[in-house]
Each structure stands twice: as C-alpha cells, then as structure tokens.
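What follows is a single structure, written as structure tokens, with notes after it.
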Amino acid sequence: MHIQKILKYINYSIPIIFLVLYFYNLPFPIPRFFLKEKTFLIYDQQMNQQQILSLIHDKKEIQLLTENQMITLKKKDIFNENMLENILSTINTVDFPVLTNMLPIIQKNLQFWQYPFIVVYGTPHEIEIDKLINFQKASQIPVSLQKVVDIDHPVLLGFQYQINNNNNQINLKFQFSDKISQLVNGEIKFGERRVLLTKQDIQSDDSYQLSITKEDTNQLQFDLTLADQKYIQNIVLINDSEADPAFLKISQSDKESVFDKMVAFDRKAISQLGDVDYTKYKMILFDGIPLAQINQEQSQIIKNLYEKKVNSLFFISDSPSFGEQGKNPLIEDIIPVELVPSSLKYLPDIAILLLLDVSASMLGDKLSLAKVSALEMLSQLKENDKIGFTIFWDEFEKLTFFEKRSQIKENLNIVPLAAKGGTDLYQPLLEGINDLIDQNTQDRHIIIMTDGNTRDGNFDYLLELAIMNKISISTISIGDDVNYKLLNKMAKRSGGNYYHVKDNQTIPSIIFEDRKKISRSHFSQNNFNISNVFKENIATITGMSIYSAKPERSILYQNEFYDPLFIFEDRGKHSVFMFLSDIYGYYTNDFFQQKETVNTFRRIFDSLQDHEINVITLTESYQNLAVSFHHDKLYQPKLLVFRDNQLLVEKQLNQNFFNHYFTQFKPEKKGQYRFIIQDQDHTIGNYNCYYNGCAQGTTVKAEKIYKEYQPLIFRWFHIKMLYLILFFIFSVRVTYLNRRKV
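To get our numbering, take the position in the sequence shown, counting from 1, and add 1029.
Here it is as structure tokens:
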C-alpha cells in the first residue's frame, strides 16, 4: 500500500516537472550513446590519400572540410585512390587548416540527433584543443576527436634559432627523431658552404647544432642518406637583411631630397605598393603623393597599421594636388591637419549662388533663419568672391547677379521678404547652374537654403549637369519638417556638404566652414616667415600648403599667420608627421640651410633606429611557431603577427621566472611572417621569420592535452515544445489512471 502511494505521487509529479521545464526552458539531455555519429575530416594536404580512403571505407561516409567548402565522400562512390585523387585535385585549401575555424560549419551541418566525430592530421595545437573544449561548453554538443599520422616515421622534429640584432651570427639547433640513428652520411648546404654530417656529429639527445651568418639564412638544404630512405629538406629562416633600409619612401621623384641625406630609404613608386610589406619599416614617408592616388586597399592597410601603432607615418604636402576634403577619408583621419585653411586669405576666388526659399512652407522661424543665413554669408566671404542671390517660391527672382562681395551693399534688402506661394526648386536651380557655367572662376558653388519640400522635378539631371561642369552644391535644411533624402543626395553626389540649422548661432560658422571646404586649392606661393616653438623667426620659404591644425597636435614650425609648416601627432615611436612644403629646396632652400631645422629632422629619424629587444629565440615544430626572449623592464608586452600586411594574431606574452617572455601560434600557411613585439603600445622588437612547415614534432603539452581530451557524455537541447508535448502526454496518462481506478 505504501509503495502504491509513492507511485501515485510520482505519476502526479511528472506532468508538473515537464511544465516547470517548459516555463524555465531548461536543457534536455540526450546521451551520446543514442546519437548518430557524423564524421568530419579536416583536410590537410600532408595527409596520405590511402589514409583518407581507409577512413571513407571505415565510416561509409565522411564530410571533407576545407576553409571554404564541404564535400561529402561516400564509400559507394569512391572505389580507389584514382577516384579520390581526381576529387582532391580540385580542392584549394590553406597549407595548415585551423580546426577551430571549421567548428561553425560543423555545427551548422548537424541534425539534432547527431554529434560530430572530427578527424585531423597530426596532434592538434594546444590552443585549438582549448578552444574546442570551450566550444563544447558553449554549444553543449559532444565532439569526438581523433588524429591520424603519417605512416613513415618523421626525421626532423623541430628546430630553434636566435636572432641577434647586434650580431651577424645565428646559432641553430635541430632536433631529430631517433630515426637519425640510421644516418649513413649527410650534407648541409647553405650559401657557398657545405657541412658534412655523420653519426658522430649528432648529440646523444638526437640534436645537432650549427652556426651560420644572416646572409646564409635564405635557404639551407639537408641532404641525408638514411638506411631506408633519402631525406632532402629545404629550410628558410629569415630572408631580409639588417642592411635593408628601415624607412620606406613612396615618391614619384628620382631626385635626392634633404631627408635622403639624413637616412637611407627604400624607394617605391605609388604603382609598386601592391607587394610592399609595410610592417618591416619603422617609418613610411609619402613624398607629395596626392591622397586620391592611394587606393582604398592601401589606405585601409595604412589605417590599420596606424591603429595598431606598428610604424611612424610622414606625409609631405608640397603642391595644390595633395588633397581635398572627402577624397580619402581613411588617410584624412590619420594626418594631423584638416584639409581646409584656417582663414580664407589663400583660397582662390569663387562664384557662389545662394538660393533662398521664401515659399509658404518656410513661414515663421524658418524664413527668419534663412534671412539671417543670407546676410551672414556676406561677412564670411572674400572681397573678390562673386555672389549671386536668388529667392524662389513657385516662381523665382534674382536679387543680385554674381557681383563681387565688395560691390554688394551690406544692407541687401532681403529683410522685408515674406513667405508666399508654393515651392518649386527645379527651375531656379536649373537657371542658376547655367548662369554659373558662364562664370570664369576656378571654383563654382551653390548654397541652397530650404526645407526641401518642393514640387517634383528631374533633379538627377540637374545633378549630372552640375557634376559635369564641376559645380558643387551644399544644402542647408531649416527647421524640423525637411526633405532630408533630397537635400542630402544633392550635396553628397555633387561634392558639397549637407547642414541642418536650428538656431542663429550656428549659421556663421557653417557658412565659413563650407566656403573653406569647397575650394579645390589650398597651396599658396608667397614669401612666408617661419618661426619655431619659441616664436623666433628662423627662415623664409616661398610656398606651402595652407591647412588647419587638428586639436592636440604639436606644431614645431609655422608661418606668421600661424599656419603649420611642420606638425605631428605625438604617439611615441609611432607618431604621424606632416611637412607642408617640399623637401627638395624648391620653396624651402633657406629653411633647410638652417642647422636647427636639419637637426630637428635628424633627431626624429635617429629616435626610430633602435629597438629595446635585440635578441629573440624562434622555435618551429609541427604547425607551431614560438617566440621567446628575456627582458627585465616590461609592463604588459604583446605579440602582433602579420602576414601580407594583415594582422593575424594579437596576444599577450606569458612571463615565467627570471623575466623570460614567450608565446606561440599556429600558422595557416608556409611563408614569411612578421613578429612585432609591443609594450604599452610601443614597438620594442620587429623581426621577420619564415615558417617552413616541415617539422613533425609536437609539444609535450599538446600531446598531454590531446590525450586528456574527452567529449561530453550528453547533448543538451533547449526544446520548449518537447516539454509541452510530454506534459500533455503524462497529463493524459494520469487522467487515464485515475479514471480507471474510479
């Protein structure tokens, strides 16, 4: 009787349990034993085809994964190695695939009744297994892992070498497997040298040490005869020289500049930048290169290097063609000046048409703001600027027709204007563009003050007409109810600016800034007196770019109107410098005759020459590159790894006893990598290394983690509807049992 009561309460509680699980959406466990295994092979080109074929026949079906595709291979479709080879020959993949990159693809291709069985070549990197463990925890999906290895026993397990910036010698240590005991004879070739290798040269721990010069690191060749095979292996360590220039000069000129006499530059034309490794240089100097000529890809690379503080940048602006605002926003964010002058004095004359909306939709405050804007425009322009005023509603009237600002009366009679009629912007804008086409000025511009609520018109045609004739249009929207889409499109497509005005205080600065931004030339050929930071006149130059300094930038030299000649953003060893005249003496002969100025630039170049870390140790093993060094004054050092100017790895360095720092990463490809060591965002080490991918030894830690790895026992699901279904099933069961008893 007591047992029956217990069973009764259990029956009653089961529906309640499922209802609670439903409301709280708690995970539902299914043991891995009841799930179906789905096999994924992470394809590695080093894997033996016979091994892949055996796996297919064993598992009946596998999913072969590369970085960007998944191919289903079935036993019934692949009978021999030739059929498999035909499939594999069509696959493009990286040299060393990263397991964790494939996990999202694997998860996406699993059904809820499946769990992945992942096969990899060789022992996975310890970082990969750590991420795999985290993936299991986050996804709550059990993942089985199995490695396969070559049938042949490896010969070279790994090698280690030191790079010393103060020493031309490189000491190498090669770690062989015990198969080296089968050595009959061998030879190591590097440069013009050959070293014979015999059993007696191998240490008791199966290692061998060799000392070479940096000039011989481009290629070493192991040519070994073992008892059962011929082993030939080429190894590259580093392939650049300490004699290579640390400064890159991008220039269209073959002449020698003042800076060329101070420091050695690696010279490139703008057309040669496609294959340039920017990360190897301490400074990149753009010698008068117009910003518009630096394409989007190169600009993005430079912006990324700037953000990561990899190197210093130096821009020379020595002609009117250097840059206009908006032509290259990525580089404009970097340079220490705004591409607009601080005053209107040096700008070319301009013809400006002001179109003022006086329609009924501008009634009240809108029209008042428009009137004030029109009057303010007069005080913000040059004496020789030509100004045209046109008011429009459903008709239009020209108040002035491109008179010089000095000839227009200051009390232009627009104050009595009252709002009237509808709004037709198309006709006055069409006639205004045609009028501007006839104006013989370098710059032509239209400012439209309106809310944009106009009758329909072919405004795309007007924009094309304006663009074809190099007429820019700026729009100033007034009030809250505005046609933003139309006004913004007109401004952006024509090279103008869009503004929104709500109060009188903003109008003067808007007109002033728009006048500066819209002019296409900011280079002035005049005699300028140049002073230093102590306000002492030190030299004269005859031409310079007239740009405004950005806030919190340091000006070392400026003209008498406080326009910067030499300005920089102080970022330690990664500063951004800008010189706003030429470095060949055309305009600056007197300036560079001064000892003070020459010493200023020489100190800048000298300060970038040295790094604090001169000695690092690099170790290559199976799919692993490790870097280590000793330093006793570091705070939080980190390693940045670049390849083809792209940042691949950024990680903090680990520290052990005696201030020894180290870290490692898994390369995805054979080839050259750049190691940059930073502390508190300052570069203290910059090294080139080459990953060969020929070593077969794995670290003890990686083997240990692999052996200890265990998949989850359950796969956990968040399926609310399942709980609800179970709740109803067991509720019906309880009802049935109760009715049967009754």
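C-beta: ideal position from N, C-alpha, C; glycine also.
Check	Outcome
According to DSSP, Pro1457 sits in a beta bridge with which residue or residues?	Bridge partners of Pro1457: none, in fact.
Please name the residue, chosen from Phe1315, Ile1596 and Pro1060, that lies closest to Ser1560 on a Cα-to-Cα basis.	Ile1596
Tell me where the beta strand (DSSP E) around Glu1216 begins and ends.	Leu1212 to Phe1219
Of the residues Glu1424, Leu1428, Ile1416 and Lys1427, which one's Cα is nearest the Cα of Ser1435?	Ile1416
In the DSSP assignment, the beta strand (DSSP E) including His1711 goes from what residue to what residue?	His1711 to Tyr1720
DSSP on Asn1440, reduced to helix/strand/coil?	With a pLDDT of 48 at Asn1440, under the threshold of 50, the modelled position of this residue cannot be trusted, and the question is left open.
Excluding five sequence neighbours on each side, which residues of the same chain lie with their C-beta closer than 7 angstroms to the C-beta of Asn1440?	With a pLDDT of 48 at Asn1440, under the threshold of 50, the predicted position of this residue should be treated as unreliable, though the coordinate-derived value follows. Same-chain partners within the cutoff: there are none.
Assuming the contact rule is C-beta atoms closer than 8 angstroms, Thr1626 and Ile1570 should be a hit. Round their C-beta distance to whole Å, please.	Rounded, the Cβ-Cβ distance is 11 angstroms, inconsistent with contact.
Ile1567 to Asp1619, Cα distance in whole Å?	9 angstroms
Taking Asp1283 as the reference, give the member of Lys1297, Lys1521, Phe1276 and Lys1427 with the closest Cα.	Lys1297
Identify the residues that DSSP records as bridge partners of Phe1418: which are they?	Leu1383 and Thr1429
Please return the same chain residues whose Cβ sits closer than 8 angstroms to the Cβ of Asn1109, not counting the five positions on each side in sequence.	Leu1082
Below 8 angstroms, how does it come out for the region 1682 to 1701 and the region 1145 to 1160: are there three or more Cβ pairs, yes or no?	yes
Just the Cα atoms here: how many angstroms apart are Asp1464 and Ala1495?	11 angstroms
Thinking C-alpha only, which one of Gln1140, Gly1700, Ser1286 and Asp1592 is nearest Ile1612?	Ser1286
What do you reckon, are the CB atoms on Thr1016 and Gln1189 nearer than 8 angstroms?	What the structure shows of the chain is the stretch from 1030 to 1771, and residue 1016 is not part of that stretch, so it cannot be assessed.
Does the distance from the CB of Leu1491 to the CB of Leu1516 come in under 8 angstroms?	no
Taking the continuous beta strand (DSSP E) assigned at Val1644, which residues delimit it?	Val1644 to Ser1650
So, for Leu1277: in the same chain, excluding its five sequence neighbours on each side, which residues have a beta-carbon less than 6 angstroms away from its beta-carbon?	Asp1295, Tyr1310 and Ile1313
If you compare alpha carbons, which of Met1112, Ile1120, Lys1433 and Phe1146 is closest to Leu1128?	Phe1146
How big is the Cα-Cα spacing for Thr1254 and Lys1218?	14 angstroms
Assuming His1182 is part of the alpha helix (DSSP H), what are its boundary residues?	Here His1182 belongs to no alpha helix (DSSP H), and DSSP marks it neither H nor E.
Do you know offhand how far Phe1671's Cα is from Lys1337's?	11 angstroms
DSSP three-state label for Ser1371, please.	coil
Using a 10 Å radius around the Cβ and a threshold of 16 neighbouring Cβ atoms, would you call Asn1628 buried or exposed?	exposed
Starting from the Cα of Lys1332, find the closest Cα among Ile1539, Asn1357 and Tyr1041 and give me that residue.	Asn1357
Under DSSP, the alpha helix (DSSP H) around Ile1612 begins and ends at which residues?	Here Ile1612 belongs to no alpha helix (DSSP H), and DSSP marks it neither H nor E.
So if DSSP puts Asp1295 in a beta bridge, which residue, or which two residues, is it bridged to?	Leu1277
Can you check whether the CB of Asp1472 is closer than 8 angstroms to the CB of Thr1452?	no
Just how far apart, CA to CA, sit Arg1632 and Ala1293?	14 angstroms
Which two residues bound the contiguous alpha helix (DSSP H) that contains Pro1133?	Leu1128 to Lys1137
Please report how far the alpha carbon of Tyr1735 lies from the alpha carbon of Ile1231, in whole angstroms.	31 angstroms
Assuming the contact rule is C-beta atoms closer than 8 angstroms, His1474 and Ile1381 should be a hit. Round their C-beta distance to whole Å, please.	5 angstroms
Report, in whole angstroms, the separation of the C-beta atoms of Gln1725 and Tyr1651, which I expect to be a contact under 8 angstroms.	5 angstroms
Given that a residue counts as buried once 16 or more other Cβ atoms are within 10 Å of its Cβ, and exposed if not, what is Ser1610?	buried
In angstroms with no decimal places, state the Cα-to-Cα distance between Pro1056 and Gln1169.	9 angstroms
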